[in-house]
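Down below is the structure, laid out as structure tokens.
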Amino acid sequence: MSETIPNFYAPPRTFMGAERITDLSAHKLDYAMLGVPYAEGTFAPYIQSGQADMPNALRDNPVTIFFDIGEVGLFDVDKNLTLLEGARIGDIGDVVISPGEGKINRDRMSNSVKEILASGAVPIAVGGDHSITYPLVRGFEDTHKTMDFIYFDAHLDFADMPLESKYNHGTQTTHIHQLPFVRNITVIGARNSTAAEFQRAKAAGIRIIPVHEVEERGAEDIMQEVIDASVPTYVSLDIDGMDAIYVPGTTHPESGGMTFKQQKELLFELNKAAKGNICGFDIVELCPANDVNHITALTASKLTALMMGYRSHFLNQ
Numbered sequence: 001m002s003e004t005i006p007n008f009y010a011p012p013r014t015f016m017g018a019e020r021i022t023d024l025s026a027h028k029l030d031y032a033m034l035g036v037p038y039a040e041g042t043f044a045p046y047i048q049s050g051q052a053d054m055p056n057a058l059r060d061n062p063v064t065i066f067f068d069i070g071e072v073g074l075f076d077v078d079k080n081l082t083l084l085e086g087a088r089i090g091d092i093g094d095v096v097i098s099p100g101e102g103k104i105n106r107d108r109m110s111n112s113v114k115e116i117l118a119s120g121a122v123p124i125a126v127g128g129d130h131s132i133t134y135p136l137v138r139g140f141e142d143t144h145k146t147m148d149f150i151y152f153d154a155h156l157d158f159a160d161m162p163l164e165s166k167y168n169h170g171t172q173t174t175h176i177h178q179l180p181f182v183r184n185i186t187v188i189g190a191r192n193s194t195a196a197e198f199q200r201a202k203a204a205g206i207r208i209i210p211v212h213e214v215e216e217r218g219a220e221d222i223m224q225e226v227i228d229a230s231v232p233t234y235v236s237l238d239i240d241g242m243d244a245i246y247v248p249g250t251t252h253p254e255s256g257g258m259t260f261k262q263q264k265e266l267l268f269e270l271n272k273a274a275k276g277n278i279c280g281f282d283i284v285e286l287c288p289a290n291d292v293n294h295i296t297a298l299t300a301s302k303l304t305a306l307m308m309g310y311r312s313h314f315l316n317q
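Counting with full-length UniProt numbering, you get residues 1 to 317 for the letters of the sequence shown.
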């Protein structure tokens with residue numbers, strides 16, 4: 001990396017009370033949590049912005065009180081499982097964002113993932129708007145491994161790429177589809193799209209699982225079909241995949257979405273089907289200024305913890 005500006009900035013608090021990590025090479029982490037305070041991929045003023053504040057909203061969230069990473073873990077009452085007990089989780093800070101410097105910022109995001117992978121940890125990123133997912137996935141290019149990509153979203157994010165806004169939170173799947181090492185792409189929870197975008201995504205081979213299919217088939221059946229445990233899967237969770245009543249602070253609220261219980265069960269069955277072969281995860285699209293009683297931040301924190309916990313549980317079986 002030729003930049004003199006450091007990749008990471010360390011906020012005053014850490015995700016879920018995890019250890020602050022300033023030197024990845026000096027630690028053997030299972031999960032490296034990374035903040036990506038980026039919202040320049042948003043169609044403001046047409047869409048609510050403010051996702052740059054999401055990482056610290058999760059760091060300040062009271063989910064921290066529910067478990068002590070590395071010691072007692074997180075107990076999942078529904079599954080009667082203690083998760084993350086003994087897990088080595090570190091917060092490496094935030095990607096440094098230079099306003100208006102899109103390419104530089106995207107390169108920093110990709111390089112951050114490369115640095116995490118070089119340390120042997122799994123990257124867990126907290127956005128930020130959904131445009132961050134493309135550079136995060138691109139960060140796997142040097143692994144020379146094929147991967148699948150699955151994302152939870154109310155939208156397909158497979159829009160055309162106008163020259164004035166090529167990299168935005170509605171085009172990241174378009175870019176990811178062009179990466180030569182990404183094999184299969186699946187979106188779960190889709191319920192808002194233009195006919196043109198829908199047909200374009202179908203023609204490109206994107207597997208689209210709308211909300212009604214989640215309700216009719218259930219998480220286990222879907223994940224047994226979608227997931228191939230022999231290939232690593234990158235997972236992106238746009239919180240607007242859930243109904244707006246569960247995530248009032250999301251940037252782009254949509255009615256008719258999944259419940260928290262459905263989203264939780266999908267993460268469980270995803271990791272079960274993958275046998276823990278999940279190579280990375282990000283969660284995006286919270287606007288803290290629009291949240292109600294920190295409900296959305298709490299939900300995002302809990303889902304992030306569960307994602308790590310379920311992965312470790314099935315990886316170790």
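We treat Cβ as the ideally placed atom computed from N, Cα and C, and that holds for glycine.
Short CB-CB distance (under 7 Å) between residue 198 and chain C: Annotation note: the requested chain C is absent from the structure, which comprises a single protein chain.
Once DSSP output is grouped into helix, strand and coil, what is the label at residue 116? helix
On the DSSP letters alone, give me the boundaries of the beta strand (DSSP E) that residue 147 sits inside. That run of the beta strand (DSSP E) goes 147-152.
Paired residues, beta bridge with residue 24 - DSSP: Beta-bridge pairing links residue 24 to no other residue.
Beta carbon of residue 286, beta carbon of residue 256: below 7 Å? no
Taking the straight line between their C-alpha atoms, what separation do you get for residue 98 and residue 271? 35 Å
Pop quiz: residue 273 and residue 61 are said to be a contact at Cβ under 8 Å. What is the actual Cβ separation, rounded to whole angstroms? The pair is not a contact, with the Cβ atoms about 29 Å apart (cut-off 8 Å).
Count the CB pairs spanning the region 138-150 and the region 11-25 that are closer than 8 Å, and state whether there are at least three. no
Bridge-paired residues (DSSP) for residue 207: 186
Once DSSP output is grouped into helix, strand and coil, what is the label at residue 246? coil
Answer yes or no: do residue 110 and residue 172 have a C-beta to C-beta separation smaller than 7 Å? no
Taking the alpha-carbon of residue 210 as reference, which of 230, 8, 243 and 309 has the nearest alpha-carbon? 243
Option in 214, 201 and 187 with minimal Cα separation from residue 258: 214
Helix, strand or coil: how does DSSP classify residue 125 here? strand
Within a Cβ cutoff of 6 Å, which residues of the same chain sit near residue 116, ignoring the five residues on either side of it in sequence? For residue 116, the CB contacts under 6 Å within the same chain, skipping 5 residues up- and downstream, are 32 and 123 in chain order.
Inside the region 260-290 only - beta strand (DSSP E) runs reaching at least 3 residues: 278-284
Measuring only the C-alpha atoms, how far is residue 246 from residue 195? A direct Cα-to-Cα measurement between residue 246 and residue 195 gives close to 27 Å.
Compute the distance between the beta-carbons of residue 96 and residue 9, then report whether it is under 7 Å. Yes, they are a contact pair.
Of all the options 139, 241 and 275, which has the alpha carbon lying nearest to the alpha carbon of residue 261? Per the Cα distances, 241.
Where does residue 294 fall in DSSP's three states? coil
Nearest to residue 120 by alpha carbon, out of 143, 133, 135 and 189? 143
Candidates 295, 24 and 103: which alpha carbon is nearest residue 168's? Here the closest residue by C-alpha is 103.
Straight-line gap, residue 299 to residue 291 (C-alpha atoms, nearest Å): 11 Å
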